[in-house]
Amino acid sequence: MPQPSDRLKKDFSRHFKERVIEAILFLAAFLSVFTTTAIVYILVKESWIFFQHVPLTDFLFDTQWTPLFDDAHYGIMVLLSGTITSSMVALLVAIPLGTIIAIYLSEFAPFSIREIAKPFLELLGGIPTIIYGYFALLFVTPLLQKVFPELPGFNLLSAGMVMGVMIIPYVASLSEDAMRAVPMALREGSYATGATRLQTALRVVVPAATSGIAAAYILGISRAVGETMILAVAAGMQPNLTFNPAEPGATITSFIVQVALGDLPHGSIGYQTIFAAGLTLMLLTLVFNLIGFYMRKKYREVY
Amino acid sequence: MIEINMQETQLPLKAEARNLSFFYGSFQALKNVNMPIYEKRVTSLIGPSGCGKSTYLRCFNRMHDLYPGNRYEGAIDFHPDHTDLLSPKVDPIEVRMRISMVFQKPNPFPKSIYENVAYGLRVRGESARSVIDDKVEAALRSAALWGEVKDRLNEQGANLSGGQQQRLCIARALATDPELMLFDEPTSALDPIATASIEELITELKEKVTILIVTHNMQQAARISDYTAYMYIGEMVEFGETDQVFIKPNKKETEDYITGRFG
Amino acid sequence: MNQQELQALRTMIVAHKRWDMMFGLLGILALMIALMTFTALFADMAINGLGRISWEFLTSFPSRRAANAGILSAWVGSVLVMLVTAVAAVPLGVAAGVYLEEYARKNWVTDIIEINVSNLAGVPSIIYGLLALGLFVYTFGLGQSILTAGLTLALLILPVVIVATREAIRSIPQIIREGAYACGATTWQVVSDHIVPYSSAGILTGVIIGMARAIGETAPIITVGALTFIAFLPPAPFTGEPPAGVFDWLFAPFTVMPIQMFNWTSRPEAAFLANAAAAGFILVLMTLAMNGLAIWLRYRLRKNINW
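Residue numbers (the numbering used here), protein chains in the order written: chain A, 1 to 303; chain B, 1001 to 1263; chain C, 2001 to 2307.
Here is the structure:
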């Protein structure tokens, strides 16, 4: 039997060790907060210098984007138009197909098909985007040119379409999660009135899962807006104020790649431009991510 | 083996289970159940939990078809057209359109009160607003809910109290003029006052429709039903008029259960 | 219900079920579109690239002549960058996941950490590139090195590792913890003796998925300013003159597989595009293998769960 004093001492060192470990683990978790802060700090710091050269009104309303020319213009609208156009094309592909796949897998598919389809979709979502970019440029564009011969070799359409396919697994799996979370009691209630699968899916399950499905769409939008390599490879990198997907165009992301590929000296205005573009992108995706985050939280609270 | 006391043999049948067995995969949950269900009467199923009474009830609207690996044997003869409800040739949707169900926990859809009641009609492709209006009102009146909700038909069904939600589910099940209504322990999630109103409602409903009810509460069976069946481990132990089953059961097991010596 | 009504009912059901069947076909069609895209992508790269894949391709440096070019520096670079990423992301991610599940109290600090983790999971990868450019390259002065790239990708996949760790830990039943605490264990003993070992397979799954994502990431590494023409290998790890030379490899310039592929894809000559296809084919095989392994592991895990 140890003396009481010994025991106390032991308890103290044990307690101390526990606290040190907890502090270390806390620091690891807190790294995420540090990362966010660092992102905001770097983007704001460099953009701050940028905005001392370029008035905010020019940035928002100028209709040209020529930061690397002698006659420099900094109208972010030009890049935004490319981002919006390509994202719209992507969503026109990903939302209908992703939703149909989600409804099918959650309400229709027999167990065996679901067991095969879900890992397959996951594999599809894990393919590097550079591969999708290559595919858009060298497979989809030539294919589209057979139908529309006047389509340029670089265009937002094929990049957007391939981006849409890339986002399908994302939209499908998040929507399916939301539908799966709808309690079986609601489905049984519907089936008990004589409803078919489709009636149950469209009239009960989908409405009950609305917030989760909306979250899936919004997070899909955020993905499309932030996608880089497909556009850098297949959409061309010429800034082009257009909403016509059949034209080439630059997006916020592909512009950053373009600048990073060249060698701009650290501290030049051209170098700061990519941080201003990055800040815009960050704010854009942050808004979508936060909306998506709260909608997902909402449906989790309901069920 | 099963003795069925039929003093009112002239009473028309609504349905009749014949040698009904049911399997969850390889587990046999029901064993050769035979039982008549009389038209415009309340028949209740009692027995200890796990005895198969809910499983039996859910055979009537083929709920088991929703899950893989389930299998029926035997038949449920549905009168007057003698459709075998369990036949693979009969579509479960057809069965569910004729036989409606109220569940253990109220499960209103995340829709308005009106749309909850109209659901079965919409599923049947009814789109005439006037027809739906009339049927919704009639169903809500029959479910004794009209007075409480007539001014708030566009509110969410989930905003109602538990007892009101359950009556809303009864209205939903009534709106399509079912021939048989199934109740799966409809009051087990409700407080005593809401329970009393549902019980009263069920006694009124039997004027219009045949009712088969599973109950966890023997007093409830005694209060509301005309016929009672006692089930134990997947078998129908005794079936008879409620008074007879409760006062003078034929089987020792039934008596033990009813007097609380077991279960 | 009389025969006539019954007949009408049956006709209606047949019509309703026709819609059901049509939607079922639509669902399969939608899956088919995804499947066909994948097949086309895979087949296209195989057709164009398989001819280039050879021992020379794997053991040659990039070259101005397409026929002599290979991916030696690219795959070596990828391996070294992944090494740094794993060494940084795995302990940090697991520690963060353990903290959030086993230690964190329900308060606003925890809420802020959780919001940050899920937000970081949705931040576009190119933003991580800008972060690395501003922070690692210019503030910390790490240069455009293997270390910078590895740390950048580690930050990028950290949310994946954290979420996987948390999910794996959450699937351990409470009674295991209670049993250990009842023996007098401290929280750390419970974590290190029980929680982490029992959730290791789930954590491994998440780590592999994260690494598969990292190995294909292009944008953040381009943003850091990584060179694209590297005709030499970084010093082999831990071979330099100790003590300073041991970590020379961390500060060496490098290239990685996806950057090499991007470089070749942006050349107009068909011969280089074939190189791009070959590199892409190998890259896809690598990510598919990693993701496949993770999916298989998870499947095994679900089958073997015995609580």
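Virtual Cβ for every residue (Gly too), placed ideally from N, Cα, C.
With a 10 Å radius around its C-beta and 16 neighbouring C-beta atoms as the bar for buried, classify F135(A) as buried or exposed.
The residue you call residue 135(A) lines up with position 135 of the first sequence. By the Cβ-count criterion, F135(A) is buried, with 16 or more other Cβ atoms from all chains shown falling within 10 Å of its own Cβ.
Please tell me whether Q238(A) has its Cβ less than 8 Å away from any Cβ of chain B.
Looking up residue 238(A) in the first sequence gives position 238. Among the CB atoms of chain B, none fall inside 8 Å of the CB of Q238(A).
Between the alpha carbons of G1240(B) and G1074(B), how many angstroms are there, rounded?
Working through the second sequence from its first residue, we reach residue 1240(B) at position 240. Working through the second sequence from its first residue, we reach residue 1074(B) at position 74. Taking C-alpha positions only, G1240(B) is separated from G1074(B) by approximately 21 Å.
Would you list the residues sitting across from Q1028(B) in a DSSP beta bridge?
Sequence index remark: in the second sequence, residue 1028(B) carries index 28 (1-based). Q1028(B) is bridged to F1023(B).
Report yes if the C-beta distance between T83(A) and T251(A) is below 8 Å; otherwise report no.
Locating residue 83(A) in the first sequence gives position 83, where the first residue counts as 1. Locating residue 251(A) in the first sequence gives position 251, where the first residue counts as 1. Annotated as proximal: T83(A) and T251(A), with beta-carbon spacing under 8 Å.
Closest Cβ-Cβ distance between Y191(A) and chain B: below 8 Å?
Position 191 of the first sequence holds residue 191(A). So yes, Y191(A) belongs to the interface.
Are any of the Cβ atoms in chain C nearer than 8 Å to that of M1(A)?
Locating residue 1(A) in the first sequence gives position 1, counting from the first residue. With a pLDDT of 49 at M1(A), under the threshold of 50, the modelled position of that residue is not reliable, and the figure given next carries that caveat. Chain C contact via Cβ: absent.
When G1047(B), T1176(B) and G1162(B) are compared against A1189(B), the one with the closest alpha-carbon:
Translated into positions along the second sequence, residue 1189(B) becomes position 189. Per the Cα distances, G1162(B).
Quick one: does M1001(B) have its CB under 8 Å from some CB of chain A?
Stepping through the second sequence from its first residue, residue 1001(B) is reached at position 1. Bear in mind that the predicted position of M1001(B) carries a pLDDT of just 42, short of 50, making it unreliable; the figure below should be weighed with that in mind. No, M1001(B) lies away from the interface with chain A (no Cβ there is under 8 Å from its Cβ).
For R2267(C), would you say it is in contact with chain A, using Cβ-to-Cβ distances shorter than 8 Å as the test?
Taking the third sequence and counting its residues from 1, one reaches residue 2267(C) at position 267. Closer than 8 Å: no.
Straight-line CA distance for I1198(B) to Q1104(B)?
Taking the first residue of the second sequence as position 1, residue 1198(B) is located at position 198. Taking the first residue of the second sequence as position 1, residue 1104(B) is located at position 104. Taking the straight line from one Cα to the other gives about 12 Å.
Ignore the nearest five residues each way along the sequence and tell me which others in Q2003(C)'s own chain have a CB closer than 7 Å to its CB.
Sequence index remark: in the third sequence, residue 2003(C) carries index 3 (1-based). The beta carbon of Q2003(C) is closer than 7 Å to none in its chain, skipping five residues each way along the sequence.
Check whether chain C comes within 8 Å of I291(A), counting only Cβ atoms and requiring the distance to be less than that.
Here residue 291(A) is taken as the residue at index 291 of the first sequence, counted from 1. Not closer than 8 Å to any Cβ of chain C, the Cβ of I291(A) fails to qualify, so no.
Is it right to say S106(A) is buried, meaning 16 or more other beta carbons lie within 10 angstroms of its own, or is it exposed?
Within the first sequence, the letter at position 106 stands for residue 106(A). Residue burial annotation: S106(A) is buried, with at least 16 other C-beta atoms found within 10 angstroms of its C-beta.
Can you list, in chain order, the residues of the region 176-205 of chain A whose Cβ is nearer than 8 Å to any Cβ on chain B?
So the list reads P183, A185, L186, R187, E188, G189, S190, Y191, A192, T193, G194, A195, T196, Q199, R203 and V204, given in the order they occur along the chain.
Against chain C, does F255(A) count as a neighbour if the rule is that its beta carbon must be under 8 Å from one of theirs?
In the first sequence, the residue the question calls residue 255(A) occupies position 255. So no, F255(A) is outside the interface.
So P1068(B) contacts chain A; which residues on that side make the cut at Cβ distance below 9 Å?
Here residue 1068(B) is taken as the residue at index 68 of the second sequence, counted from 1. Near P1068(B) (Cβ distances below 9 Å), the residues of chain A are P110 and F111.
Which of helix, strand or coil does DSSP assign to G1240(B)?
For the purposes of this step, residue 1240(B) is taken as the residue at position 240 of the second sequence. Collapsing the DSSP output to three states places G1240(B) in a strand.
Taking only beta carbons into account, state which residues of the region 62-93 of chain A come closer than 8 Å to chain C, listed in chain order.
Near chain C, meaning a CB-to-CB distance below 8 Å, no residue of the region 62-93 of chain A qualifies.
Straight-line Cα distance separating L31(A) from L157(A)
Within the first sequence, the letter at position 157 stands for residue 157(A). Within the first sequence, the letter at position 31 stands for residue 31(A). Taking the straight line joining both Cα atoms gives about 39 Å.
At which residue ranges does the region 253-279 of chain A contain complete alpha helix (DSSP H) runs of 4 or more residues, listed in the order of the chain?
None, since the region 253-279 of chain A contains no complete alpha helix (DSSP H) of that length.
Alpha-carbon spacing of V1245(B) relative to I1224(B), whole angstroms
In the second sequence, residue 1245(B) corresponds to position 245, counting from 1. In the second sequence, residue 1224(B) corresponds to position 224, counting from 1. Taking C-alpha positions only, V1245(B) is separated from I1224(B) by approximately 14 Å.
Could you work out which residues of chain A lie near V1123(B), taking near to mean beta carbons separated by less than 7 Å?
The sequence position of residue 1123(B) within the second sequence is 123, counting from 1. Those are T193, G194, A195 and Q199, listed as they occur along chain A.
Quick check on DSSP: helix, strand or coil for I2175(C)?
Along the third sequence, one-based indexing puts residue 2175(C) at 175. Of the three classes helix, strand and coil, the one that applies to I2175(C) here is helix, per DSSP.
Interface residues of chain B around L1981(C) at Cβ under 8 Å?
This structure cannot speak to residue 1981(C), because chain C is shown only from 2001 to 2307.
Top-ranked residue by Cα proximity to L1174(B), from T37(A), T193(A), G125(A) and G133(A):
Start at 1 with the first residue of the second sequence, and residue 1174(B) comes out as number 174. With distances taken between CA atoms, L1174(B) lies nearest to T193(A) out of T37(A), T193(A), G125(A) and G133(A).
For Q1156(B), does the three-state DSSP call read helix, strand or coil?
Translated into the one-based positions of the second sequence, residue 1156(B) becomes position 156. Residue state, collapsed to three classes: strand.
When the distance is taken between beta carbons, is I1046(B) closer than 8 Å to M1218(B)?
For this step, residue 1218(B) is matched to residue 218 along the second sequence. For this step, residue 1046(B) is matched to residue 46 along the second sequence. In this structure, M1218(B) lies near I1046(B), with their beta-carbon atoms less than 8 Å apart.
Less than 8 Å separating the beta-carbons of T1242(B) and T1228(B)?
The residue you call residue 1242(B) lines up with position 242 of the second sequence. The residue you call residue 1228(B) lines up with position 228 of the second sequence. Contact flag set, yes.
Residues in its own chain within less than 8 Å of R1098(B) by CB, not counting five upstream and five downstream?
As a first step, residue 1098(B) must be located in the second sequence, where it is residue number 98. Counting only residues of its own chain and dropping the five nearest sequence neighbours on each side, R1098(B) has a CB closer than 8 Å to the CB of F1078, P1178, E1179 and L1180.
Hey, how far is the Cα of D1151(B) from the Cα of A1171(B)?
By one-based count along the second sequence, residue 1151(B) stands at place 151. By one-based count along the second sequence, residue 1171(B) stands at place 171. Answer to the nearest angstrom: the Cα atoms are 16 Å apart.
Give me the residue from Q2007(C), L2301(C), S2063(C) and Y2099(C) with the minimum Cα distance to V20(A).
Within the first sequence, numbered from 1, the residue matching residue 20(A) stands at position 20. The shortest CA-to-CA distance from V20(A) to any of Q2007(C), L2301(C), S2063(C) and Y2099(C) is the one to Y2099(C).
Would you kindly report the start and end of the unbroken alpha helix (DSSP H) that includes R1223(B)?
On the second sequence, position 223 is the one that residue 1223(B) refers to. Segment M1218 to I1224, the alpha helix (DSSP H) holding R1223(B).
Cross-chain neighbours of M2001(C) in chain B, by beta carbon under 7 Å
Position 1 of the third sequence, counted from the first residue, corresponds to residue 2001(C). Residues of chain B passing the Cβ test: D1081, R1098 and E1179.
Of all the CB atoms in chain A, is at least one closer than 8 Å to the CB of P1186(B)?
Here residue 1186(B) refers to the residue found at position 186 when the second sequence is read from its first residue. No, P1186(B) lies away from the interface with chain A (no Cβ there is under 8 Å from its Cβ).
Contact residues within the region 2276-2296 of chain C, judged by C-beta distance below 7 Å to chain B
The region 2276-2296 of chain C vs chain B, Cβ under 7 Å: nothing.
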